[in-house]
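To start, the structure itself, in structure tokens.
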């Protein structure tokens, strides 16, 4: 199995540990992973701001970097969703379609493709899980509270394999954190209030760590936690699934 | 071009290719005891369900609870306890009717709504303007869901009809539920054997 | 509207100055969302019911021309007068001409978001006609001289103490009295008096049936019925998209509407108006006002499927924390944000951006409108049509340049440096809006790319 690692730009720049944990976790599961060094960004920041027409450069670069792989795996639901929904190329649309079908968020790759049922990880802490919207509602990583349907959760399925980990219940299990890309500055007041409320839900239920399958939401919540001088930390789910 | 022609022309050039209607929906999960379901729901939406075996039971209940008040009814069985000739008055005069007693075609178990058409109201304003509403319903006339309700209504002709579920209510002030917004403050359903 | 030139972000910032009040607003609406969830979960076939409703509405949009003609024909047979209005101005003139004919200078109106959209009250006031809104929430905002902030709960932004003050001033209730039961009773007396003295009533329309020419109006208070059955003239105003094909389709929509809106199994009154009562005149005004334009936009026409339940507002984490008035349009929230740009793209260019695209709105929508996808698409249209901020345009171009060139990206600086200046969360930041209430991420000693080069590349 030929797996390409897609590391979103802000994870590359700010959260290398999440990327390293992803790489190591996959290696531990016997998967050979290669990171194409010429990758940059999926183009989502521009597209979500209404500038999808400026993303062709990013799209073409993405296709060049990743077309050769059987699977493309990324520790970010949001960026994966963007590729799945919006990767196009007038000149090589067949390749774009191929990539859209083989790109996976990390937890869905672990549950759906590798069908992982056991992990050797230990993390003896109380953990709150933030359901990032694009992963949850876009990629359907977990059942959504709005729908009348059977419950399931790919991230929780994996976290339950981690020794010593205690999950905390939240009052609002799948409310948005308010990051929203450029929304976080364009709508600063509401974004901050959403972030504070989300963080408070985790704090009120005794979480020591907040985790998610998306680092961008965690970056937003981390900014708020650190401003509040809280001891609660954020960790990408790969770092917990890979913890010893 | 009139606005009518203009609007219709624009629609014709804008509407997408014809998409078929889905198949009719039937009740998927019927209540095991629709009468009990109806009564429970009526209670939760602020109404009261009284089981009676005949009109004497209804008369007795009304006399116990509404003695000396202005009572109008569309039911000849209640002539002795209700005002006569009210139908010919100006509907505005019903504002001080304390109790209006009418009947319904049928009730719906899933929401405790009663289907009542104009012919059962005699005057359209009555069930809405009275202070308290009472409706007589045969126990046999309770359907499961709104799908069954419309099957029962079918192509019936009426000038006006309404599903009425409980007393008039509002929660417009801070989501606090208050019964008796403009219309009836209470609703009693007499379930008749 | 009353917002002047402020956009959603600026109006939300003002709303957020009182954090305790934002918490109260958020909790109140979350409570409504929770009631909706409970009601939906009581219907095991909920999702298939939504799908059916969506398919019926798809059929309506694809056959609207014929359905409107059928509806008109049936309504006329029923003795109802049918009018067609191309825009808000014509709608208002039609209503005015009916009132003039009957020499009516004061009337009552039950809830109709269409008349809000057309600013009917203001127009009639200019013509010397007094309109009293009879829905309690609408009456409250009318007394406060504000527009409704929510299409189902018009005064949800108001605290009971503020309503008590308004009632003290206008209805003479005792000062300091804020008990909802007492205030509702006071409004009941005041409005029942009004019902008895008005000869004309305006109502909205929830559904209009092409097959029979009847229309259905849903209320909990009974105000539409009180108004219509006592008045000599009943004028029902409806957008052309309110048509449904058959009477039996009502079974599907009435099961979904109120469960989605408030969690009730059905509204107290679901009234089917087919013929005027003897001696009464009944009018229906069919209004376009931009709807045919929306129908012509394949990406956005599904917004016309809306049945105005407001579930998307109650679930929207942005709406709950910014308030309905921050949307500066008659229909607020996610659905308003995809309807309004069709009416005036420049005025409402901000609204599609007032969302995190979390997608909860699309999940609660009883007719399955892809609201969050349309928000994304409106963003593209608004930028292409030239309504984007020029500063944002430059920033996006700079970002595009860097991000589509791996060499530039890698050499833009060591880990984090380029991002600190240009990342999405700091991109248009003269005052560094991120940092006002959030710490910046810490810059690691090396990027993942740098780490990989050192540790893995030659594995």
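Residue numbers (UniProt numbering), protein chains in the order written: chain A, 1 to 244; chain B, 1 to 193; chain C, 1 to 459. Quick reminder that beta carbons are idealized off the backbone N, C-alpha and C, glycines included.
- Message: In chain order, what are the residue ranges of uninterrupted alpha helix (DSSP H) at least 4 long that sit wholly in the segment 261 to 325 of chain C?
- Response: 291 to 295, 311 to 315 and 317 to 322
- Buried or exposed: which applies to residue 176 of chain C, given that a residue is buried once 16 or more other Cβ atoms fall within 10 Å of its Cβ? exposed
- Roughly how many angstroms separate the alpha carbons of residue 74 of chain B and residue 101 of chain B, rounded to a whole number? 7 Å
- Could you give the residue range of the beta strand (DSSP E) that holds residue 354 of chain C? Careful: residue 354 of chain C lies outside any beta strand (DSSP E) and carries neither H nor E.
- Closest by CA to residue 147 of chain C, which one among C:166, C:168, C:165 and C:113? C:113
- Task: Figure out for me which residue from C:398, C:300 and C:438 has the closest Cα to the Cα of residue 14 of chain B.
- Result: C:300
- Message: Three or more C-beta pairs under 8 Å: does that hold for the segment 283 to 301 of chain C against the segment 156 to 176 of chain B?
- Response: no
- Excluding the 5 residues preceding and the 5 following residue 45 of chain A in the sequence, name in chain order all residues of the same chain whose CB lies nearer than 8 Å to its CB. If you ignore the 5 residues before and after residue 45 of chain A, its C-beta comes within less than 8 Å of the C-beta of 181 and 182, all in its own chain and listed in chain order.
- Message: Here's a check: name, in chain order, each residue in its chain whose Cβ is nearer than 6 Å to the Cβ of residue 441 of chain C, leaving out the five neighbours to either side.
- Response: Contacts found: none.
- Task: Please decide whether residue 186 of chain B counts as near chain C, where near means a Cβ-Cβ distance under 7 Å.
- Result: Answer no: the Cβ-Cβ gap between residue 186 of chain B and chain C never drops below 7 Å.
- Enclosing beta strand (DSSP E) for residue 48 of chain B [first to last residue]: 47 to 52
- Residues bridged to residue 98 of chain C [DSSP beta-bridge criterion]: Per DSSP, none; premise fails for residue 98 of chain C.
- Once you ignore the five residues that flank residue 144 of chain A on each side, which residues in its own chain have a CB closer than 8 Å to its CB? Taken in chain order, the residues that qualify are 136, 137 and 174.
- Does the Cβ of residue 148 of chain B have 16 or more other Cβ atoms within 10 Å, making it buried, or fewer, making it exposed? buried
- In its own chain, which residues sit with a C-beta less than 7 Å from the C-beta of residue 96 of chain B, not counting the 5 before and 5 after it? 70
- Message: Relative to the C-alpha of residue 403 of chain C, which candidate in A:162, A:39, A:239 and A:168 has its C-alpha closest?
- Response: Of A:162, A:39, A:239 and A:168, the residue nearest in Cα terms is A:39.
- Message: On the DSSP letters alone, give me the boundaries of the alpha helix (DSSP H) that residue 378 of chain C sits inside.
- Response: Where residue 378 of chain C is concerned, the enclosing alpha helix (DSSP H) stretches over 371 to 384.
- Message: Looking only at its chain, what residues have a beta carbon closer than 8 Å to the beta carbon of residue 183 of chain C, apart from the 5 residues adjacent to it on each side?
- Response: 160, 163, 164, 167, 173 and 177
- Query: If you draw a straight line from the C-alpha of residue 343 of chain C to the C-alpha of residue 19 of chain A, how long is it?
  - Reply: 46 Å
- Item | Burial state of residue 37 of chain A, where buried means 16 or more other Cβ atoms lie within 10 Å | It is exposed - the Cβ of residue 37 of chain A has fewer than 16 other Cβ atoms within 10 Å.
- How big is the Cα-Cα spacing for residue 88 of chain A and residue 56 of chain A? 8 Å
- Under 7 Å between C-beta atoms, does residue 170 of chain A make it to chain C? no
- Task: Output the residue ranges of the alpha helix (DSSP H) runs that lie fully inside the segment 9 to 79 of chain A and measure 4 residues or longer, sorted by chain position.
- Result: 9 to 14, 16 to 28, 44 to 48 and 56 to 66
- Task: Would you please state the rounded distance, in angstroms, between the beta carbons of residue 150 of chain B and residue 251 of chain C? I believe it to be under 8 Å.
- Result: 4 Å
- residue 59 of chain C: contacting residues in chain B (beta-carbon distance under 9 Å): 18, 19, 20, 21 and 22
- Sub-7 Å separation of residue 141 of chain A and residue 108 of chain A beta-carbons: yes
- Message: Can you confirm whether the segment 227 to 241 of chain A touches the segment 9 to 25 of chain A when touching is taken to mean that 3 or more C-beta pairs between the two stretches lie within less than 8 Å?
- Response: yes
- Which listed residue (C:289, C:316 and C:120) has its alpha carbon closest to that of residue 128 of chain C: C:120
- Any beta-carbon of chain A closer than 7 Å to the one on residue 359 of chain C? yes
- Message: Against residue 149 of chain A, what residues of chain C qualify as contacts under a CB-to-CB distance less than 8 Å, listed in chain order?
- Response: 47
- Query: Whose C-beta lies closer than 6 Å to the C-beta of residue 7 of chain A among residues of the same chain, with five residues either side of it excluded?
  - Reply: 19
- Cross-chain neighbours of residue 12 of chain A in chain C, by beta carbon under 7 Å: 447, 448 and 449
- Query: In three-state DSSP terms, what is residue 172 of chain C?
  - Reply: coil
- Task: Could you tell me the boundaries of the alpha helix (DSSP H) in which residue 59 of chain B lies?
- Result: 55 to 66
- Query: So what's residue 24 of chain B in DSSP terms, helix, strand or just coil?
  - Reply: Coil, per DSSP.
- Message: At 4 residues or longer, what runs of the alpha helix (DSSP H) sit wholly inside the segment 63 to 122 of chain C?
- Response: Complete alpha helix (DSSP H) runs here, min 4: 64 to 77, 88 to 101 and 113 to 117.
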